[in-house]
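Trainee:
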Amino acid sequence: MLAAERHEVLLDRLNRDGKLVARDLASDLGISEDTIRRDLRDLAAAGLCQRVYGGALPVSPAIGNYAARRGINSDGKRRVARTAAALITPGSTVILDGGTTTLAVVAELPPQLHATVVTHSPTIASALIDHAHVEVYLIGGRLFKHSAVACGAAAVEAAQLVNADLFLLGVTGVHAQTGLTTDDSDEAAMKRALASRAADTYVLASSEKIGAASRFTVLPLSKVAGIVTDDAADSPAIREITDLGHTVISA
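According to our numbering, the sequence shown is numbered sequentially starting from 1.
Okay, structure coming up:
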């Protein structure tokens with residue numbers, strides 16, 4: 001079997017099963033695991049999968065630029081945002097992550113809400129200007145333009161001064177085995193720092209992020225209170241997550 005033919009088979013399996021296991025593929029196709037691993041490296045280099053230990057997962061479509069991501073699953077993001085906004089109680093202190101889903105949360109907040117919002121996203125802070133009763137604290141640092149958020153050592157240090165009731169976390173991948181992932185190491189570190197300052201962290205994940213993976217781990221699923229998603233409750237990826245005892249809130 002030629003390399004191009006193997007690549008096509010692997011992509012078909014990935015689309016069908018939502019994952020690739022190198023050992024199983026080698027057995028099924030009658031070739032060596034080294035050959036499968038080379039094929040996975042080629043596919044990953046082409047942006048067609050995300051390599052993980054022992055195989056590969058679908059690459060998240062949410063690693064595109066900020067403008068492009070705003071158009072991905074906009075209806076699903078609105079449903080997730082509406083459900084997540086209901087988690088914010090009057091008088092609470094909330095950390096809002098950057099990203100397009102969290103920006104949609106701001107649009108769902110009632111105009112009369114009294115709360116304190118801490119964010120490292122100038123986009124989120126700007127969107128809250130018209131909420132007269134929401135006090136906004138903006139964490140500064142190096143601007144990571146992909147997600148329009150502050151990252152780096154200064155931002156992480158500033159986050160250590162925050163104590164919040166709730167953190168609404170955005171990621172690019174949610175998977176039962178690899179946990180929560182994103183595509184930049186500094187952004188992953190910032191998300192961890194913010195999660196450590198909140199009593200509860202909820203993940204905002206529209207359906208295209210469920211079962212996908214990116215390069216850098218943010219947190220294991222055991223470290224968050226729940227996942228808010230519009231993905232179907234009976235989808236294989238969601239069933240795998242709930243079977244492990246993690247909380248999923250349907251939007």
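Idealized CB from N, CA, C, for every residue including glycine.
The structure presented is a predicted model; accordingly, all values stated were derived computationally and were not measured.
Would Arg215 and Asp243 be called neighbours here (beta carbons separated by less than 8 Å)?
Mentor: Against a cut-off of 8 Å, the Cβ pair of Asp243 and Arg215 comes out as no contact.
Trainee: Using C-beta distances below 8 Å, list every residue in its chain close to Gly54, excluding the 5 sequence neighbours before and after it, in chain order.
Mentor: Answer for Gly54: Val21, Ala22 and Arg23, listed in chain order.
Trainee: Using C-beta distances below 7 Å, list every residue in its chain close to Leu219, excluding the 5 sequence neighbours before and after it, in chain order.
Mentor: The residues are Gly179, Leu180, Arg192 and Ala195.
Trainee: Tell me whether Thr123 sits in a helix, a strand or coil according to DSSP, three-state version.
Mentor: If DSSP states are grouped into helix, strand and coil, Thr123 belongs with the helices.
Trainee: Classify Ala132: buried if its beta carbon has 16 or more other beta carbons within 10 angstroms, exposed otherwise.
Mentor: Ala132 is exposed by the Cβ-count criterion.
Trainee: Could you tell me whether the region 133–140 touches the region 168–179, where touching means 3 or more Cβ pairs closer than 8 Å?
Mentor: Result no; under three Cβ-Cβ pairs closer than 8 Å.
Trainee: Check Gly54 in the structure and name its three-state DSSP category.
Mentor: Looking at Gly54 - three-state DSSP - the assignment turns out to be coil, as it is neither helix nor strand.
Trainee: Give the C-beta separation of Val162 and Tyr202 to the nearest angstrom, bearing in mind that I take them to be a contact with Cβ-Cβ under 8 Å.
Mentor: With a Cβ gap of about 17 Å, Val162 and Tyr202 do not count as contacting.
Trainee: Could you give the distance in angstroms between the alpha-carbon of Ala199 and the alpha-carbon of Ser92?
Mentor: When rounded, the distance between both Cα atoms is 11 Å.
Trainee: Below 8 Å between beta carbons: does that hold for Ser207 and Asp231?
Mentor: It is a contact, given that the beta carbons lie within the stated cut-off.
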